[in-house]
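Student: Attaching a single structure in structure tokens format; questions to follow.
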Amino acid sequence: MPSEVQDIEQLRQKIIGLGEKSLKKSYYPELQQRILELEHTNELLRTEMDARAALDRSLKVMHERLSALFVSTPELILFCEAERNSEGILTDFRIAESNPAASDCFGISSDSIKNTRLSESPLNRGLPHLSDLELISRGLLSWNGEIRSSKKKIFRVSIVPLQKDQLTVVATDITDLEQVKEKLLAKNKELENYLYVASHDLRSPLVNIQGFSNRLAKFTEILARRFMQGLLTEEESEEVLAVLNKEMPKALTVVLGNVEKMDRLISGLLKISRTGRITPQIRKVNMSSLFSQIVGEFSYQIEQAGAQVSQGNVLSCYGDESLLHQLFSNLIGNALKYRHPDRACEIILESHAQNGFVVYHIRDNGIGIAEKYSERIWDVFYRVDPSSPASGEGLGLSIVKRIADKHNGRAWYESTEGLGSTFYVELPAEPFDAAEEEK
Ligand code: ADP
1 MPSEVQDIEQ LRQKIIGLGE KSLKKSYYPE LQQRILELEH TNELLRTEMD ARAALDRSLK
61 VMHERLSALF VSTPELILFC EAERNSEGIL TDFRIAESNP AASDCFGISS DSIKNTRLSE
121 SPLNRGLPHL SDLELISRGL LSWNGEIRSS KKKIFRVSIV PLQKDQLTVV ATDITDLEQV
181 KEKLLAKNKE LENYLYVASH DLRSPLVNIQ GFSNRLAKFT EILARRFMQG LLTEEESEEV
241 LAVLNKEMPK ALTVVLGNVE KMDRLISGLL KISRTGRITP QIRKVNMSSL FSQIVGEFSY
301 QIEQAGAQVS QGNVLSCYGD ESLLHQLFSN LIGNALKYRH PDRACEIILE SHAQNGFVVY
361 HIRDNGIGIA EKYSERIWDV FYRVDPSSPA SGEGLGLSIV KRIADKHNGR AWYESTEGLG
421 STFYVELPAE PFDAAEEEK
């Protein structure tokens, strides 16, 4: 390379070196600063990315938890969206998503529930008014209440806002709870009734015992006075003899009679209480042979009454054979006891199947029961005609009701005064778990 060229090149290099030097001198701090800033920004970005990744992870965990809850909760959950017409006016809410509990309860798939209008869904009886639903969807209101579905189910429902124009319906099926509540209320009423009747009926013999015991005390006072006076006149002797032979035995008879009555009442109460406490042994019961057995046991009364007892179609059921023996003995016994004096007694035993139950009919052509007694005849100790020659304590029918109850069944009757009565008892046609009574 020619020397001039070399010189120029050296010079160029120098200039560049100088340029770089001067460049470094003047821009170096600024560059350093810029690099630091960039490194800081980089650090911030990295921290933010870590935070975001942590947030993503916790959001995922939260989503998984909420999904598990949504899928597994026994509560029905419906996410609903507002439906508006072309003018933007709210016309209804449509179900956008529902959980498996809703499908189970309604008996339809979540795809079939999807897009159903809330007003046409099974939860439409007792829903708040559309204007209130709109307020809920705008976050201005929330609603709690009870809704009855078309399938006779009862739900406790909360409707809460989700986002604008969206709401969540959360429903708890409380049908079983309500049924238990109703049963408890009925049991409570029954117990109160027992208490009332027992205290009322036990009081009347006590009043008699008290009254006649006072009389006996007065008689002993008379006797003591007369004996203290020493020798008695003829008139006084007659008075003493009358007290000893007539008044005192009469009072004693009344006292003893009432004690006996109290004993019968208390034994009756014990019998009812025992019936309630028995844990039924549920087995298939051949009712046709049970009826034949009971009829056999009544053969003396049947013969005395000249009664005719016939069996039609009698189906089997599930229950405790000895309790059912008692139940139907009470009904057949009543049909014989309350026969009409002017015609031959006829009793027909039949049954029919109905919705998983067997309904037994005990039909008689007896004296019948007037409408006004229809509620009371099931009460403990209640007798339509307490002076009736037919023996009884007014316990038979209350025992019938208790035993039917224990079998998750029912007992009722139809009657025409003067013509006859039919008592019905509904008992399970399938095996079942008998309700355990408190011990
Ligand atoms: P009891 O027979 O001891 O009086 P129940 O509880 O069995 O008690 O019956 C209550 C009342 O219902 C009876 O006193 C009677 O008046 C009426 N009753 C029950 N069964 C019949 C029947 N088959 N026909 C007419 N009246 C009946």
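Mapping of the sequence shown onto full-length UniProt numbering: residues 1 to 439, in sequence order.
For each residue, glycine too, the CB sits at the ideal point set by N, CA and C.
For residue 174 and residue 301, what's the separation of their Cα atoms in angstroms?
Tutor: 50 Å
Student: I'd like to know whether the C-beta of residue 189 is nearer than 7 Å to at least one C-beta of chain C.
Tutor: No chain C is present in this structure, which holds just one protein chain.
Student: Alpha carbon to alpha carbon, what distance is there between residue 399 and residue 430?
Tutor: 23 Å
Student: Does DSSP classify residue 338 as helix, strand or coil?
Tutor: coil
Student: Can you give me the C-alpha to C-alpha distance between residue 351 and residue 148, rounded to a whole angstrom?
Tutor: 34 Å
Student: On a Cα-Cα basis, can you pick out the residue from 392, 247, 265, 162 that is closest to residue 198?
Tutor: 265
Student: For the ligand ADP, I want to know if residue 384 counts as a neighbour, meaning its beta carbon is within less than 6 Å of at least one of the ligand's heavy atoms.
Tutor: yes
Student: Tell me which residues share the same chain as residue 348 and place their Cβ nearer than 7 Å to its Cβ, disregarding the 5 neighbours each side in the sequence.
Tutor: 310, 312, 363
Student: Got a sec, what are the start and stop residues for the beta strand (DSSP E) residue 426 sits in?
Tutor: 420-428
Student: Which runs of the alpha helix (DSSP H) fall wholly inside the region 231-278 and span at least 4 residues, in chain order?
Tutor: Fully enclosed alpha helix (DSSP H) runs of 4 or longer: 234-242, 248-277.
Student: Roughly how many angstroms lie between the CA atoms of residue 130 and residue 105, to the nearest whole one?
Tutor: 24 Å
Student: Are the CB atoms of residue 137 and residue 165 within a distance shorter than 7 Å?
Tutor: yes
Student: So which of 216, 288, 297 has the shortest CA-CA distance to residue 318?
Tutor: 288
Student: Please go through the same chain and pick out, in chain order, the residues whose beta-carbon is closer than 7 Å to the beta-carbon of residue 335, but skip the five residues on each side of it.
Tutor: 347, 362, 364, 366
Student: Taking the C-alpha atoms as reference points, what is the distance between residue 340 and residue 121?
Tutor: 56 Å
Student: Taking all protein chains shown into account, decide if residue 227 is buried (16 or more other Cβ within 10 angstroms of its Cβ) or exposed.
Tutor: exposed
Student: Curious, which full-length alpha helix (DSSP H) runs of at least 4 residues does the region 342-410 contain?
Tutor: 396-406
Student: Using the three-state DSSP reduction, which class does residue 204 fall into: helix, strand or coil?
Tutor: In this structure, DSSP gives residue 204 a helical state, which the three-state scheme calls helix.
Student: Which partner residues of residue 283 appear in the DSSP bridge assignment?
Tutor: 319
Student: Consult DSSP for residue 79 and reduce its assignment to one of helix, strand or coil.
Tutor: strand
Student: Between which two residues does the alpha helix (DSSP H) carrying residue 136 extend?
Tutor: 130-137
Student: Would you mind sorting residue 81 into buried or exposed? The rule is 16 or more other CB atoms within 10 Å of its CB.
Tutor: Answer is buried; the Cβ neighbour count reaches 16.
Student: Check for me: the beta strand (DSSP E) holding residue 146 runs from which residue to which?
Tutor: Counting along the chain, residue 146 sits inside the beta strand (DSSP E) bounded by residues 143-148.
Student: Buried or exposed: which applies to residue 275, given that a residue is buried once 16 or more other Cβ atoms fall within 10 Å of its Cβ?
Tutor: buried
Student: Which same chain residues end up closer than 6 Å to residue 437 when comparing Cβ atoms and leaving out the 5 residues on each side of it in sequence?
Tutor: Unreliable placement is indicated for residue 437, whose pLDDT of 45 sits below 50; the coordinate value is still reported in the next sentence. 276, 277, listed in sequence order.
Student: Looking at C-beta atoms only, is the number of pairs between the region 176-196 and the region 90-106 that lie closer than 8 Å three or more?
Tutor: no
Student: Flag residue 364 as yes when its Cβ comes closer than 6 Å to any non-hydrogen atom of the ligand ADP, and as no otherwise.
Tutor: yes
Student: Taking contact to mean 3 or more Cβ pairs, one atom from each stretch, closer than 8 Å, check whether the region 169-184 and the region 151-159 are in contact.
Tutor: Using a Cβ-Cβ distance cut-off of 8 Å, the region 169-184 and the region 151-159 are in contact, since at least three pairs of beta carbons, one from each stretch, lie closer than that value.
Student: Does the Cβ-Cβ distance between residue 324 and residue 285 come in under 7 Å?
Tutor: yes
Student: For the ligand ADP, I want to know if residue 397 counts as a neighbour, meaning its beta carbon is within less than 6 Å of at least one of the ligand's heavy atoms.
Tutor: yes
Student: Report the three-state DSSP secondary structure of residue 100 (helix, strand or coil).
Tutor: Here residue 100 sits in helix by DSSP.
Student: Do residue 426 and residue 410 come within 7 Å of each other at the CB atom, strictly closer than that value?
Tutor: yes
Student: Rounded to whole angstroms, how far is the Cβ of residue 395 from the Cβ of residue 272, which I believe are closer than 8 Å?
Tutor: 6 Å
Student: Which residues does DSSP pair with residue 216 in a beta bridge?
Tutor: Answer is none; residue 216 lacks a bridge partner.
Student: Is the beta carbon of residue 348 within less than 6 Å of some heavy atom of the ligand ADP?
Tutor: no
Student: Cα separation between residue 327 and residue 404?
Tutor: 8 Å
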